[in-house]
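Structure first, then comments.
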Amino acid sequence: MQLRLELFVEAPERSLDFYRLVLGFEIRGSASADYTLLTNGDAAIAINSRSALASDHPLRIETGERAGLGIEIVLSVSDVDDAYRRAKESGWPLSDLAQQPWGLRDFRLIDPDGYYVRVTSQHAS
Numbered sequence: 001m002q003l004r005l006e007l008f009v010e011a012p013e014r015s016l017d018f019y020r021l022v023l024g025f026e027i028r029g030s031a032s033a034d035y036t037l038l039t040n041g042d043a044a045i046a047i048n049s050r051s052a053l054a055s056d057h058p059l060r061i062e063t064g065e066r067a068g069l070g071i072e073i074v075l076s077v078s079d080v081d082d083a084y085r086r087a088k089e090s091g092w093p094l095s096d097l098a099q100q101p102w103g104l105r106d107f108r109l110i111d112p113d114g115y116y117v118r119v120t121s122q123h124a125s
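Per UniProt numbering, the very first residue in the sequence shown carries number 1; after that it's consecutive.
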C-alpha cells in the first residue's frame, strides 16, 4: 500500500517551488498546470490547481480560505538535520529544529496554501 496526497492549491507554480526547493521533492512525469506528481523517497504529493475543481466539489474553497484545516502532513526523513538545513537555506519561515518529548526531532512549517507540514526524524534519538 502506498499513500499519495493530492493538494488542491491556488497557484500550482508557487506550491511546486515550495515542495521542490524547501523540502527536496522532485517532479515525476510531466508537469502541468492542473496536475503534477512530486516524490521524495516513498512520499508522493500531487499538486493540483484548485480551479480544476467543480464549483460544487466538496474540496473547493474560496480564495483566502485556509486549506487543510485540521490536517498535519508528516514527512519522516532519514536525516532531519539535512532536511532542516535545506529548508532553512531556502529562506522559507519555519520553526527551530527541536527534540520532542516522544523522542523524535522535528521542525514545522506552513506551505503556501496553509497546509501544516511537520518534518521529523524516522527514529528516536
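Here a beta-carbon is modelled for each residue, glycine too, at the ideal position from N, C-alpha and C.
By the Cβ neighbour-count rule, Ile-71 is exposed, with fewer than 16 other Cβ atoms within 10 Å of its own. When the Cα atoms are used, Asp-42 and Thr-63 turn out to be separated by approximately 31 Å.
Distance from the CA of Ala-87 to the CA of Leu-38, rounded to the nearest whole angstrom, comes to 17 Å. For Asp-79, the number of other beta carbons within 10 angstroms of its own is below 16, and it is reported as exposed. Sequence-distant Cβ neighbours of Ala-83 in its own chain, meaning closer than 6 Å and more than five residues away, are Val-77, Val-119. For Ala-124, the closest C-alpha among the options Ser-51, Leu-3, Gln-100 is that of Gln-100. Residue pairing by DSSP puts Asp-106 in a beta bridge opposite Ala-98, Thr-120. Every alpha helix (DSSP H) of 4 residues or more that sits fully in the UniProt domain "VOC" (1 to 122) is shown, in chain order, as 12 to 17, 80 to 90. By the beta-carbon neighbour count (other beta carbons within 10 angstroms, threshold 16), Leu-59 is exposed.
A straight line joining the alpha-carbon of Ser-32 with that of Ser-121 spans about 32 Å.
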